[in-house]
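Everything in the sequence shown is counted per the numbering used here, starting at 865 for the first residue and increasing by one. Where is the CB? At the ideal position from N, CA and C, for every residue including glycine. These numbers come from a predicted model, not from an experiment.
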Amino acid sequence: MFALVDCNSFYVSCERLFNPSLRTKPLIVLSNNDGCIISRSTEAKELGIPMGGAYFKVKKEFEAKGGVSVSSNYCLYQDVSQRVMRELEALAPQIEVYSIDEAFLCLKGFSSKELLAWGKKIKKTIYQNIGIPVSVGIAPTKVLAKMAGQIAKNNHLFNGVCFLESIVTQEKFMADFPIECLWGIGRKSALKLRSFNIKTALDFKNFSNTYLVQKTLTKTGRQIQDELRGISCLGLNAIQERKAITSTRSFGRGVYSLEELQEAIANYVTKAAEKLRQQQSCCKLLSLYIRTSPFQDTSQYSRYAHFEFPHPTNDTLKMIKCAHNVLKDIYRPGYKYQKAGVILSHLIQENQIQLDFFQQQENSKLIKSLDRINQQFGSLSIKSASCGTENKWRMKSEYKSKRYTTQWSEIAEVKCI
Ligand SMILES: [Mg+2]
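If you want it as structure tokens, here you go:
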């Protein structure tokens, strides 16, 4: 048996955690220069606010109806996510963190009689200990558990916990489950399946031409079909190390000068290198790109280039230097740059690096001290001067909440009146 635990409207729930005044209002979280809607409360959904939509289109009407919008605060979301996952680890024998707000749990050793009660316990514990509402879907395979999770979230009769135990119940819900909502079936695959008259999960389960399924959707399609039939093909994946680390952002306004681009790139490298060290890795390849906005009627320019380190590294200062050299090569004056990014790849574990006889002693002690200082006094308390101080290119996020759980200086205050 598997369970899928999914945090409800996760970003919105994190915001409400520290700001109770938002709990009853229609609330949305914005991303990308506060332009795009990425999380909605139930109240906002009921007002017809579209997911992924452009905020300016609905702003006036939404605010007139008492709606509130906030900028995304990933520091907070990441930390709350880790807390939720830690709780889950204590509650289940095995867990796969699937995304920032979802995890699969393996339920070996539970009798089916205990499972529903156990699902309710998970929901209650996470709410009590962390304050985040979750939905729990339980079923014999991962695909079915994912489906159960969606039913638990959307069908109020279940109170947030849905156990699809018998085949009869599974099929009853499959009959109303559109094929494109099924986990692992993308938009294109769904279109192909619809052309075979497969409209629901149940149609797919009963579709007998497995050869055609394999031919159109490859082995993955076959596995999804088997999972719908209760045959478990997808096990829990152990936590995978990231294969690449990216740090990329749009600018808050057009950037023209090399100096400002250098500043932005230094900041992105700093952030990515910090993540690299957190997972005790080094990278061999640093790629970066700069581009103008394809949506603006200005001259267009876009370049991508990379640098290969002779020896894998996670030394921020060295990486900034190399990134700046690459940037100088691809920068052309006269363009209105709108976005830049840094990608670190060909990652290798720190302890697996072959030592190089001629390798000079790197700044490892210095970098370790930087990390310690930043951990204690807050992120970027100390950084390379090339990161600049004003950062006028930064993206707008004007309505951002505080980093309540990761910065001492931003901890929530309680006032007695
Ligand atoms: Mg969710």
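Whole-angstrom C-beta distance between residue j and residue i, which should lie under 8 Å
i, j, result
"D965", "C871", "4 Å"
"S1243", "I1237", "Not a contact, Cβ separation roughly 10 Å."
"L1208", "I1109", "5 Å"
"L868", "K1010", "5 Å"
"F866", "F1027", "Not quite, the Cβ-Cβ distance comes to about 11 Å (not below 8 Å), so this is no contact."
"A1016", "S999", "4 Å"
"G1205", "Y1153", "5 Å"
"I1184", "S1250", "6 Å"
"K1200", "Y1120", "6 Å"
"G931", "K977", "The Cβ separation is near 44 Å, so there is no contact."
"S1157", "Q1202", "4 Å"
Within 8 Å, strictly: CB atoms of residue i and residue j
i, j, result
"Y1132", "S1114", "no"
"L886", "Y1268", "no"
"E1127", "G1252", "yes"
"L881", "G995", "yes"
"C1097", "L1150", "no"
"K1069", "R1093", "yes"
"W1257", "R1155", "no"
"E1262", "S905", "no"
"I1043", "D1067", "yes"
"L979", "I959", "no"
"A1130", "S1248", "yes"
"Y1195", "L1081", "no"
"C900", "G912", "no"
"S1265", "N883", "yes"
"V1007", "G1048", "yes"
"R1086", "T1074", "yes"
"P997", "S877", "yes"
"V948", "I990", "yes"
"D943", "T1270", "yes"
"N1019", "E951", "no"
"C1280", "L1100", "no"
Boundaries (first-last residue) of the beta strand (DSSP E) holding residue i
i, result
"F968", "966-970"
"Y1168", "1166-1177"
"C900", "900-904"
"V1190", "Segment 1180-1194 is the alpha helix (DSSP H) holding V1190; no beta strand (DSSP E) there."
"G1198", "Segment: none, G1198 is in no beta strand (DSSP E) and carries neither H nor E."
"I994", "Looking at the DSSP string, I994 is not in any beta strand (DSSP E), and its letter there is neither H nor E."
"R1113", "1109-1119"
"V932", "932-935"
Paired residues, beta bridge with residue i - DSSP
i, result
"Q1213", "S1145"
"D870", "E966, S999"
"Q958", "C970"
"S1261", "Note: S1261 sits in no beta bridge, so no partner."
"S1245", "The partner list for S1245 (beta bridge, DSSP) is empty, contrary to what the question assumes."
"S1163", "For S1163, which the question treats as bridged, DSSP gives no partner whatsoever."
"V1025", "V1000"
"Y1153", "Y1168, G1205"
"T989", "T989 pairs with nothing; no bridge assigned."
"P1042", "T1064"
"A848", "Outside the modelled stretch of the chain, which goes from 865 to 1281, sits residue 848, for which no answer is possible."
Start and end residues, alpha helix (DSSP H) containing residue i
i, result
"C1097", "Taken as a continuous stretch (DSSP letters only), C1097 belongs to no alpha helix (DSSP H), as it is neither H nor E."
"V944", "938-955"
"S895", "Note, S895: premise wrong, no alpha helix (DSSP H); beta strand (DSSP E) at 891-895."
"T1033", "1031-1038"
"S1053", "1051-1059"
"N1070", "1065-1070"
"K1256", "Here K1256 belongs to no alpha helix (DSSP H), and DSSP marks it neither H nor E."
"M1011", "1006-1018"
"Y919", "919-928"
8 Å Cβ cutoff, residue i in contact with chain C
i, result
"R880", "Judged by its chain identifiers, the structure shown contains no chain C, having just a single protein chain."
Heavy atom of ligand 3 within 7 Å of residue i beta-carbon
i, result
"E960", "As for ligand 3, it is missing from this structure, which binds only ligand 1."
- Are the stretch 953-962 and the stretch 972-989 in contact at 8 Å, needing three or more beta carbon pairs? Touching, per the Cβ criterion.
_When you compare the stretch 1037-1044 with the stretch 892-907, are there three or more beta-carbon pairs, one atom per stretch, that lie closer than 8 Å?_
In this structure the stretch 1037-1044 does not touch the stretch 892-907; the number of beta carbon pairs closer than 8 Å is below three.
ask   = Between the stretch 1145-1155 and the stretch 1173-1187, do at least 3 Cβ pairs fall closer than 8 Å?
value = Taking a cut-off of 8 Å on C-beta distances, the stretch 1145-1155 touches the stretch 1173-1187, as three or more cross pairs fall below it.
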